[in-house]
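Student: Protein sequence lines correspond, in order, to chains A and B.
Using this note's numbering, the first residue of the first sequence is number 1, and each one after it goes up by one.
Using this note's numbering, the first residue of the second sequence is number 430, and each one after it goes up by one.
Sharing a structure with you now.
There are 2 protein chains.
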Amino acid sequence: MTILIENAVILPMTGPENVIENGYITIEGERITEVGAGKPTPGAYAKIIDGTNKAVMPGFINTHTHAAMTLLRGYADDLPLQEWLQTKIWPLEAKFNAEHIYWGTMLAIAEMIKSGTTTFADMYFFMDEVARAVEETGVRGVLARGLTSGRGSDKSVEENLALHKKWHGKAQGRISVFLGPHAPYTCSADFLHYLSELAQKEQIGIHIHLAETKKECDDIMKQHGKTPIALAEEAGLFKNKVIAAHCVYVTEEDIKTLKKYGVGVAHNPESNMKLSSGVAPVPAMLEAGIKVGLGTDGASSNNNLDMLQETRSAALLHKVSTMKPTSLPAYQALEMATANGAAVIGQEKEIGRLVPGYKADLIILDLDVPHMTPCYDIYANIVYSAQASDVLTVMVNGGILMENRVIKTFDEKKLLAHFRKIARDLLAG
Amino acid sequence: MTILIENAVILPMTGPENVIENGYITIEGERITEVGAGKPTPGAYAKIIDGTNKAVMPGFINTHTHAAMTLLRGYADDLPLQEWLQTKIWPLEAKFNAEHIYWGTMLAIAEMIKSGTTTFADMYFFMDEVARAVEETGVRGVLARGLTSGRGSDKSVEENLALHKKWHGKAQGRISVFLGPHAPYTCSADFLHYLSELAQKEQIGIHIHLAETKKECDDIMKQHGKTPIALAEEAGLFKNKVIAAHCVYVTEEDIKTLKKYGVGVAHNPESNMKLSSGVAPVPAMLEAGIKVGLGTDGASSNNNLDMLQETRSAALLHKVSTMKPTSLPAYQALEMATANGAAVIGQEKEIGRLVPGYKADLIILDLDVPHMTPCYDIYANIVYSAQASDVLTVMVNGGILMENRVIKTFDEKKLLAHFRKIARDLLAG
Numbered sequence: 001m002t003i004l005i006e007n008a009v010i011l012p013m014t015g016p017e018n019v020i021e022n023g024y025i026t027i028e029g030e031r032i033t034e035v036g037a038g039k040p041t042p043g044a045y046a047k048i049i050d051g052t053n054k055a056v057m058p059g060f061i062n063t064h065t066h067a068a069m070t071l072l073r074g075y076a077d078d079l080p081l082q083e084w085l086q087t088k089i090w091p092l093e094a095k096f097n098a099e100h101i102y103w104g105t106m107l108a109i110a111e112m113i114k115s116g117t118t119t120f121a122d123m124y125f126f127m128d129e130v131a132r133a134v135e136e137t138g139v140r141g142v143l144a145r146g147l148t149s150g151r152g153s154d155k156s157v158e159e160n161l162a163l164h165k166k167w168h169g170k171a172q173g174r175i176s177v178f179l180g181p182h183a184p185y186t187c188s189a190d191f192l193h194y195l196s197e198l199a200q201k202e203q204i205g206i207h208i209h210l211a212e213t214k215k216e217c218d219d220i221m222k223q224h225g226k227t228p229i230a231l232a233e234e235a236g237l238f239k240n241k242v243i244a245a246h247c248v249y250v251t252e253e254d255i256k257t258l259k260k261y262g263v264g265v266a267h268n269p270e271s272n273m274k275l276s277s278g279v280a281p282v283p284a285m286l287e288a289g290i291k292v293g294l295g296t297d298g299a300s301s302n303n304n305l306d307m308l309q310e311t312r313s314a315a316l317l318h319k320v321s322t323m324k325p326t327s328l329p330a331y332q333a334l335e336m337a338t339a340n341g342a343a344v345i346g347q348e349k350e351i352g353r354l355v356p357g358y359k360a361d362l363i364i365l366d367l368d369v370p371h372m373t374p375c376y377d378i379y380a381n382i383v384y385s386a387q388a389s390d391v392l393t394v395m396v397n398g399g400i401l402m403e404n405r406v407i408k409t410f411d412e413k414k415l416l417a418h419f420r421k422i423a424r425d426l427l428a429g
Numbered sequence: 430m431t432i433l434i435e436n437a438v439i440l441p442m443t444g445p446e447n448v449i450e451n452g453y454i455t456i457e458g459e460r461i462t463e464v465g466a467g468k469p470t471p472g473a474y475a476k477i478i479d480g481t482n483k484a485v486m487p488g489f490i491n492t493h494t495h496a497a498m499t500l501l502r503g504y505a506d507d508l509p510l511q512e513w514l515q516t517k518i519w520p521l522e523a524k525f526n527a528e529h530i531y532w533g534t535m536l537a538i539a540e541m542i543k544s545g546t547t548t549f550a551d552m553y554f555f556m557d558e559v560a561r562a563v564e565e566t567g568v569r570g571v572l573a574r575g576l577t578s579g580r581g582s583d584k585s586v587e588e589n590l591a592l593h594k595k596w597h598g599k600a601q602g603r604i605s606v607f608l609g610p611h612a613p614y615t616c617s618a619d620f621l622h623y624l625s626e627l628a629q630k631e632q633i634g635i636h637i638h639l640a641e642t643k644k645e646c647d648d649i650m651k652q653h654g655k656t657p658i659a660l661a662e663e664a665g666l667f668k669n670k671v672i673a674a675h676c677v678y679v680t681e682e683d684i685k686t687l688k689k690y691g692v693g694v695a696h697n698p699e700s701n702m703k704l705s706s707g708v709a710p711v712p713a714m715l716e717a718g719i720k721v722g723l724g725t726d727g728a729s730s731n732n733n734l735d736m737l738q739e740t741r742s743a744a745l746l747h748k749v750s751t752m753k754p755t756s757l758p759a760y761q762a763l764e765m766a767t768a769n770g771a772a773v774i775g776q777e778k779e780i781g782r783l784v785p786g787y788k789a790d791l792i793i794l795d796l797d798v799p800h801m802t803p804c805y806d807i808y809a810n811i812v813y814s815a816q817a818s819d820v821l822t823v824m825v826n827g828g829i830l831m832e833n834r835v836i837k838t839f840d841e842k843k844l845l846a847h848f849r850k851i852a853r854d855l856l857a858g
């Protein structure tokens with residue numbers, strides 16, 4: 001079955017100059033077969049989508065989130081970090097069971113599809129439920145079981161390995177499984193070392209929080225006499241494919257280390273702003289040639305999963321933090337949300353660009369709305385003006401997950417009603 | 430004709446504790462007549478709106494913009510300020526005629542209505558056209574003719590006074606007219622002094638840019654030996670009702686001055702970020718008791734007119750700039766976008782809150798969407814998660830301007846098509 005999208009502005013994300021003002025894309029099965037200007041060769045298309053006044057681009061890749069934390073959206077905000085965690089987040093999290101995680105992830109996926117995210121990298125628990133939600137809804141996921149050292153760590157590592165065995169490469173290749181050591185301040189150096197070797201032996205990627213807050217860096221420095229990045233390097237972590245979330249506090253030496261090992265950085269500007277973590281030196285990391293993607297973090301610290309907003313926030317934040325209006329121009333910001341994100345999760349040869357042979361993970365944006373008019377510069381319009389609601393249609397692996405704002409793989413309104421009941425019971429229980 | 434909105438979450442914005450979980454509002458003519466919990470007294474309502482799974486709140490008040498600059502949206506971005514102004518913005522602006530300004534303002538109003546803004550404070554030229562657009566579309570506007578000293582200043586002042594005479598208090602009271610001295614670096618001290626006296630004599634408010642960039646402050650200090658705020662005070666400006674846009678660079682002394690005279694500050698976080706102007710000390714100004722509202726600035730420097738985004742950006746920016754997650758909590762940010770905004774433009778007894786006797790300037794938000802689920806805290810959800818597209822219905826002065834996302838006072842799609850033609854001709858011409 002071949003799908004044709006025609007008469008559209010096309011952003012292949014293979015370079016700023018490669019935008020096609022009026023072009024087409026064909027999709028066969030899971031993959032893109034053609035991308036071009038003008039009209040395609042006439043053929044028998046199973047479905048033709050008119051792209052007039054619309055733009056087609058790669059779906060967003062959310063390189064760091066905790067999807068089921070939608071259960072905690074708006075539950076506690078505007079508090080000091082430790083009070084927020086200890087009196088609010090952790091006590092409610094302790095009540096979560098497998099069902100909660102399934103529905104929390106389903107809600108997150110609904111929000112992600114409606115805002116154009118086609119892939120997300122997740123770290124949480126009851127990850128089998130997350131995999132089930134990914135399988136059912138049609139999105140792409142990179143899933144890791146959060147791991148901490150100490151009591152219960154053996155069981156969690158077993159769960160992570162079982163998750164890998166059961167789901168890695170499954171759901172038409174839409175699911176990957178990584179190991180999820182939580183952070184240097186919750187994992188001992190020995191545990192990190194053990195996981196590094198395990199990951200190498202089993203050829204599994206690693207997803208970890210690194211250098212998120214000043215307190216973390218100060219504590220690690222006091223305890224180990226080195227930075228979190230240096231500690232992770234010493235534990236052998238970077239011999240693996242690594243998603244390093246946050247990297248707010250990195251030294252020049254750390255930047256060299258991240259570059260040397262090809263570590264992927266997941267930058268979460270809105271979470272870092274809302275929790276007052278700080279401003280990651282993203283322009284410097286990009287300058288050094290580090291792969292930096294964007295993440296929303298969980299909905300308890302953002303409080304949404306909207307990658308268009310995250311992209312805009314990144315572009316604005318780094319302009320003011322460097323006091324240079326030329327920092328993180330629109331194309332570069334959009335690249336972080338797409339092609340760079342693919343590189344961060346190690347799938348740069350499969351997704352993140354609109355290129356023949358790549359998986360058809362793409363979104364169609366409405367340009368016929370006031371805030372996208374006029375359209376002198378499509379990149380500037382998307383980064384600085386577009387809204388989640390401009391995402392009309394979402395395709396993953398060649399399958400249509402949403403068409404004209406209607407989710408096709410599950411009933412959105414039923415999900416919301418059911419979720420409200422779950423949230424009520426959770427607070428009452 | 431009485432309108433009833435029932436079964437809704439109601440945010441009167443008279444204090445965080447005054448949210449009504451399930452309530453109603455009645456509107457008669459231009460004004461709110463009742464706001465309460467539960468059900469209203471049975472009566473003959475000309476129109477009943479069901480607010481189930483919806484929230485009702487005051488419309489947003491955009492305290493600083495240049496509406497017609499939608500003509501320049503995405504025309505030039507990510508450039509150093511002087512290059513941006515001199516090689517891009519000013520040359521294209523020089524081509525604008527009255528018709529451009531009319532259509533640019535119409536596009537801005539379409540975007541504002543669709544994102545829940547009911548009032549905007551504008552400073553630009555061909556302001557008669559802006560007034561016409563405000564009259565036709567049903568929104569509320571505070572309009573000022575931009576004034577600079579030097580060649581043509583007499584004519585501009587005459588235009589501003591003629592605008593006042595023709596439009597102030599007109600369009601069912603929806604239009605106010607202010608004087609618009611552009612800024613201390615484009616207006617001589619004598620000219621500011623002259624306008625201060627003129628404003629006092631004619632009882633007209635003043636809308637001015639103040640202390641936006643470090644360069645402005647350095648230049649004014651070099652030339653006059655004082656800060657822009659001190660210069661404005663000395664010119665007698667603050668004896669009038671004043672909207673001071675930006676106030677990014679203010680000293681402790683300046684803060685005392687702004688407080689002493691009750692000057693209203695229009696904070697434009699996204700413009701200040703995008704142009705690398707800096708971070709205004711908003712928490713300190715609020716702490717000092719200064720009236721601080723929010724503005725989007727023009728679409729050439731933002732690049733949108735979405736007040737929900739502006740509110741979120743303010744809340745996030747000040748948390749990271751102060752490194753305190755308790756800075757600018759959700760309710761306070763939302764107050765800036767509504768009740769505080771009303772105070773900044775001097776209309777705090779008429780709009781910005783949902784209170785009997787106030788003008789019915791309100792919006793209805795959809796809560797039955799993934800990103801607003803669950804709803805533990807309505808303020809946090811609106812500030813950190815809501816999107817412009819959640820705004821279903823917009824009412825100004827008791828008139829319905831948009832209902833269920835359809836603009837009632839003009840044809841949105843026709844406007845967009847016409848605007849695209851104008852933008853093409855403008856670039857070609």
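Ideal placement from N, C-alpha and C gives every residue a C-beta, glycine not left out.
GLY146(A): which of ILE378(A), ASN268(A), ALA67(A), THR26(A) sits nearest, CA to CA?
Tutor: ALA67(A)
Student: So, with DSSP's three-state summary, where would you put GLY173(A)?
Tutor: helix
Student: If you measure beta-carbon to beta-carbon, which residues of the stretch 126-142 of chain A are closer than 8 Å to chain B?
Tutor: Residues are counted here when their Cβ sits less than 8 Å from a Cβ of chain B; for the stretch 126-142 of chain A the count is zero.
Student: What's the gap between the Cα of GLU135(A) and the Cα of TYR249(A)?
Tutor: Their backbone Cα atoms lie some 36 Å apart in a straight line.
Student: What does the alpha-carbon distance come out to for the pair LEU317(A) and MET702(B)?
Tutor: 6 Å
Student: At which residues does the alpha helix (DSSP H) containing HIS593(B) begin and terminate?
Tutor: 582-596
Student: By the criterion of Cβ-Cβ separation under 7 Å, what are the contact partners of MET702(B) in chain A?
Tutor: LEU316, LEU317, LYS319, VAL320
Student: Would you call ARG853(B) buried or exposed, if buried means 16 or more other Cβ atoms sit within 10 Å of its Cβ?
Tutor: exposed
Student: Out of curiosity, what's the CA-to-CA distance linking HIS611(B) and GLU463(B)?
Tutor: 41 Å
Student: Per DSSP, MET556(B) forms a beta bridge with which residues?
Tutor: Assignment of beta-bridge partners to MET556(B) by DSSP yields no partner.
Student: Give me the residue from THR751(B), GLY724(B), THR740(B), VAL784(B) with the minimum Cα distance to TYR808(B).
Tutor: THR740(B)
Student: With 7 Å as the threshold, decide whether the Cβ of ALA388(A) is near any Cβ in chain B.
Tutor: Chain B, which has a Cβ nearer than 7 Å to the Cβ of ALA388(A), makes this yes.
Student: Please classify LYS788(B) as buried or exposed, where buried requires at least 16 other C-beta atoms within 10 Å of its C-beta.
Tutor: buried
Student: Using a Cβ cut-off of 8 Å, pull out every chain B residue sitting near ALA330(A), in sequence order please.
Tutor: ASP506, ASP507
Student: Smallest Cα separation from GLY262(A): which of THR251(A), LYS291(A), SER277(A)?
Tutor: LYS291(A)
Student: Going by Cα to Cα distance, which pick from ASP840(B), LEU844(B), ASP819(B) is closest to ASN482(B)?
Tutor: Among ASP840(B), LEU844(B), ASP819(B), the Cα nearest to that of ASN482(B) belongs to ASP819(B).
Student: Confirm, please, whether the CB-CB distance from ASP77(A) to THR755(B) is below 7 Å.
Tutor: A distance of 7 Å or more separates the beta carbons of THR755(B) and ASP77(A).
Student: Give me the Cα-Cα distance between ILE432(B) and PRO370(A), rounded to the nearest whole angstrom.
Tutor: 29 Å
Student: Among LYS748(B), GLY665(B), ALA673(B), which one has its Cα closest to the Cα of VAL625(B)?
Tutor: Strictly speaking, residue 625(B) in this sequence is Ser, with Val absent from that position. For the residues LYS748(B), GLY665(B), ALA673(B), the minimum Cα distance to SER625(B) belongs to GLY665(B).
Student: Does ASN304(A) get closer than 7 Å to chain B when you measure Cβ to Cβ?
Tutor: yes
Student: Measuring CB to CB, does ILE363(A) end up less than 7 Å from VAL406(A)?
Tutor: no
Student: Given ASP254(A), which residues of its chain have a CB within under 6 Å of its CB, disregarding the five upstream and five downstream residues?
Tutor: THR227, ILE229
Student: Are there three or more Cβ pairs, one per stretch, closer than 8 Å when the stretch 10-27 of chain A is compared with the stretch 343-357 of chain A?
Tutor: yes
Student: Closer than 7 Å by beta-carbon distance: list the chain A residues that pair up with VAL679(B), in chain order.
Tutor: Here the premise fails: no neighbours, minimum Cβ distance about 17 Å.
Student: Helix, strand or coil, according to DSSP, for TYR805(B) in the structure here?
Tutor: coil
Student: Mind checking the stretch 606-630 of chain B against chain A and listing, in chain order, the residues whose C-beta falls within less than 8 Å of any C-beta there?
Tutor: none
Student: CB ILE490(B) to CB THR548(B), shorter than 7 Å?
Tutor: yes
Student: Name the residue from THR455(B), ARG460(B), VAL825(B) whose alpha carbon lies nearest to the alpha carbon of GLY467(B).
Tutor: THR455(B)
Student: Comparing C-alpha positions only, which one of ALA121(A), THR257(A), ASP190(A) sits nearest to GLY289(A)?
Tutor: THR257(A)
Student: Is the number of C-beta pairs between the stretch 149-167 of chain A and the stretch 197-216 of chain A that are closer than 8 Å three or more?
Tutor: Contact holds: three or more Cβ-Cβ distances are below 8 Å.
Student: Per DSSP, ALA562(B) is paired with what?
Tutor: Partner(s): none; ALA562(B) has no beta bridge.
Student: If ALA573(B) and GLY602(B) are in contact, beta carbons under 8 Å, what's the gap, nearest whole angstrom?
Tutor: Going by Cβ atoms, the distance from ALA573(B) to GLY602(B) rounds to 18 Å, so no, they are not a contact pair.
Student: To the nearest angstrom, how far is the alpha carbon of LYS170(A) from that of PRO42(A)?
Tutor: When rounded, the distance between both Cα atoms is 35 Å.
Student: Quick check: is the beta carbon of MET57(A) nearer than 7 Å to any beta carbon in chain B?
Tutor: no
Student: Return the CA-CA distance between ILE649(B) and SER705(B), expressed in angstroms with no decimal places.
Tutor: 19 Å
Student: For GLU777(B), I'd like the list of residues in its chain whose CB is within less than 6 Å of its CB, leaving aside the five on either flank, ordered along the chain.
Tutor: Cβ within range, chain order: ALA771.
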